[in-house]
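Take a look at the structure below.
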Amino acid sequence: MHTDPIAVIGAGIIGLLTARELALAGHEVVVFEQGTIGREASWAAGGILSPLHPWRYPDPVTWLARYSQDRYPGLCQDLFEATGVDSEWIESGLLRLGVDESEAAQEWAARFGVTLERREDGAPIAGYEGKEAGLWMPTMAQVRSPRLLRALAQDLKRLKVSLHEGARVEAIRWQRSVFKGLVVNGEEVRARQALVAGGPWSSGLLGRYGLTLPVGPVRGQMIVIQARPDTLTTMVLKNARYLVPRRDGAILVGSTIEKVGFDKAITPDAREELVAAATDLLPALRFFPVTHQWAGLRPSSPTGVPFIGEHPEIQGLFVNTGQFRNGIVLGPGSALLAADLMLGRDTRWDPGFYAPDRVPGGTVREPVLG
Ligand SMILES: Cc1cc2nc3c(=O)[nH]c(=O)nc-3n(C[C@H](O)[C@H](O)[C@H](O)COP(=O)(O)OP(=O)(O)OC[C@H]3O[C@@H](n4cnc5c(N)ncnc54)[C@H](O)[C@@H]3O)c2cc1C
Numbered sequence: 008m009h010t011d012p013i014a015v016i017g018a019g020i021i022g023l024l025t026a027r028e029l030a031l032a033g034h035e036v037v038v039f040e041q042g043t044i045g046r047e048a049s050w051a052a053g054g055i056l057s058p059l060h061p062w063r064y065p066d067p068v069t070w071l072a073r074y075s076q077d078r079y080p081g082l083c084q085d086l087f088e089a090t091g092v093d094s095e096w097i098e099s100g101l102l103r104l105g106v107d108e109s110e111a112a113q114e115w116a117a118r119f120g121v122t123l124e125r126r127e128d129g130a131p132i133a134g135y136e137g138k139e140a141g142l143w144m145p146t147m148a149q150v151r152s153p154r155l156l157r158a159l160a161q162d163l164k165r166l167k168v169s170l171h172e173g174a175r176v177e178a179i180r181w182q183r184s185v186f187k188g189l190v191v192n193g194e195e196v197r198a199r200q201a202l203v204a205g206g207p208w209s210s211g212l213l214g215r216y217g218l219t220l221p222v223g224p225v226r227g228q229m230i231v232i233q234a235r236p237d238t239l240t241t242m243v244l245k246n247a248r249y250l251v252p253r254r255d256g257a258i259l260v261g262s263t264i265e266k267v268g269f270d271k272a273i274t275p276d277a278r279e280e281l282v283a284a285a286t287d288l289l290p291a292l293r294f295f296p297v298t299h300q301w302a303g304l305r306p307s308s309p310t311g312v313p314f315i316g317e318h319p320e321i322q323g324l325f326v327n328t329g330q331f332r333n334g335i336v337l338g339p340g341s342a343l344l345a346a347d348l349m350l351g352r353d354t355r356w357d358p359g360f361y362a363p364d365r366v367p368g369g370t371v372r373e374p375v376l377g
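Following our numbering, the numbering of the sequence shown begins with 8 at its first residue and continues without gaps.
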């Protein structure tokens with residue numbers, strides 16, 4: 008019997024990973040991306056596979072992060088074997104300097120089985136010689152986000168997922184509380200379910216159908232300093248600024264947090280501030296050139312816990328967004344939960360913690376448009 012496909016709206020990390028889960032479960036999937044595949048926040052990300060200060064987050068963030076951290080090496084390996092694209096998963100470790108939060112950090116690490124060591128005397132860690140005390144998490148890893156996205160897109164084609172670029176979902180069709188289809192670039196498209204994975208644009212779309220999500224754009228700017236491959240081999244974080252060394256000597260410096268709406272412009276002030284933070288963390292970086300600067304729009308959430316689940320009033324319409332600063336590390340876990348809910352499978356975590364209507368501000372009212 009022919010059935011309509013499942014539609015995924017948005018080809019960032021969240022849409023692509025969820026589409027992959029659905030396709031691997033044997034379902035026909037179609038992805039609509041208004042721009043270019045994987046070119047928004049997901050492309051801009053530093054690729055750190057950990058929240059920056061993970062103990063500060065509610066446990067539902069850690070549940071998704073721990074699951075994803077365990078999955079990433081295998082995922083990158085599978086993608087490499089299927090596509091030949093190396094996502095550069097590297098267990099480079101993360102050294103966290105700055106305000107002493109070791110008590111909370113150690114309690115969190117013990118609860119979630121994370122290796123975390125106190126570095127009392129500023130002894131060199133993985134070649135980093137800064138003199139400050141800090142916390143060392145040797146098992147924290149990174150990926151090169153643009154390559155991960157490229158690998159995912161290629162793998163989805165292999166899995167017969169149909170990917171459409173320049174395809175903007177303008178409206179959602181539903182009848183008697185049941186999802187029916189989409190309007191894409193003015194054309195009616197039938198689908199049996201849909202997942203809104205539109206990053207910070209998700210709330211604009213869903214807001215027209217009775218679901219008000221407290222998700223909005225938060226700009227992040229980054230720069231790259233092109234150093235020699237051996238200049239730094241661990242990720243270093245102090246307060247809100249961090250260094251992420253790639254294999255080829257590129258060192259990413261991130262990132263700003265700016266509420267400026269959907270403005271993705273880069274600014275000279277941010278560049279200056281990031282260069283200052285980088286040379287403060289690693290003075291040798293002043294000898295190397297800044298080669299790139301970019302910005303992306305994170306999909307915010309009040310507590311960092313994403314919104315994953317079914318629209319409370321429209322059966323068959325789902326959402327997966329609000330991963331905020333952590334969409335890469337939360338991606339595999341978020342995708343699994345969304346796919347489990349869409350396919351009616353048992354879920355690994357209590358979905359109530361992620362429900363789209365769970366918080367004040369994430370209110371539900373009667374859907375008004377059909
Ligand atoms: C500077 C920076 C650094 C970051 N560093 C890290 C990090 O180190 N580690 C980490 O885990 N996370 C990091 N993040 C956060 C992470 O990038 C985001 O949480 C994640 O990319 C969100 O993914 P997404 O798929 O929801 O959104 P996006 O990547 O924005 O994708 C959503 C897609 O949906 C499309 N879309 C929206 N509406 C429609 C529509 N109506 N029709 C069709 N298509 C639509 C958009 O065009 C877009 O391509 C960083 C973010 C920034 C900006």
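Where is the CB? At the ideal position from N, CA and C, for every residue including glycine.
- Taking C-alpha positions only, Ala-174 is separated from Glu-124 by approximately 48 Å.
- Spanning the alpha carbons of Arg-226 and Ser-308 requires a straight line of approximately 13 Å.
- When rounded, the separation of the alpha-carbon atoms in Ala-362 and Ile-315 is 6 Å.
- For Pro-363, the distance from the CB to the nearest heavy atom of ligand 1 is not below 8 Å.
- The stretch 259-266 makes contact with the stretch 229-249: 3 or more CB pairs, one atom from each, lie closer than 8 Å.
- Set against 8 Å, the gap from the CB of Gln-330 to the closest heavy atom of ligand 1 is smaller.
- Not one heavy atom of ligand 1 sits closer than 8 Å to the Cβ of Val-121.
- In this structure, DSSP gives Arg-235 a state outside helix and strand, which the three-state scheme calls coil.
- As the crow flies, the alpha-carbon of Leu-344 is around 9 Å from that of Asp-357.
- According to the DSSP secondary-structure assignment, Gly-303 is paired through a beta bridge with Gly-227.
- Gln-76: member of the alpha helix (DSSP H) spanning 66-90, first to last residue.
- Less than 9 Å divides the Cβ of Arg-154 from the Cβ of Ser-94.
- With contacts defined as CB atoms closer than 9 Å, Val-222 and Pro-306 qualify as a contacting pair.
- Rounded to the nearest whole angstrom, the CA to CA distance from Asp-364 to Leu-102 is 37 Å.
- Within the stretch 289-370, the runs of beta strand (DSSP E) that reach at least 3 residues and sit entirely inside it are, in chain order, 297-306, 314-317 and 324-328.
- Ile-258: member of the beta strand (DSSP E) spanning 257-261, first to last residue.
- In this structure Ala-201 is buried. Its beta-carbon is surrounded by 16 or more other beta-carbon atoms within 10 angstroms.
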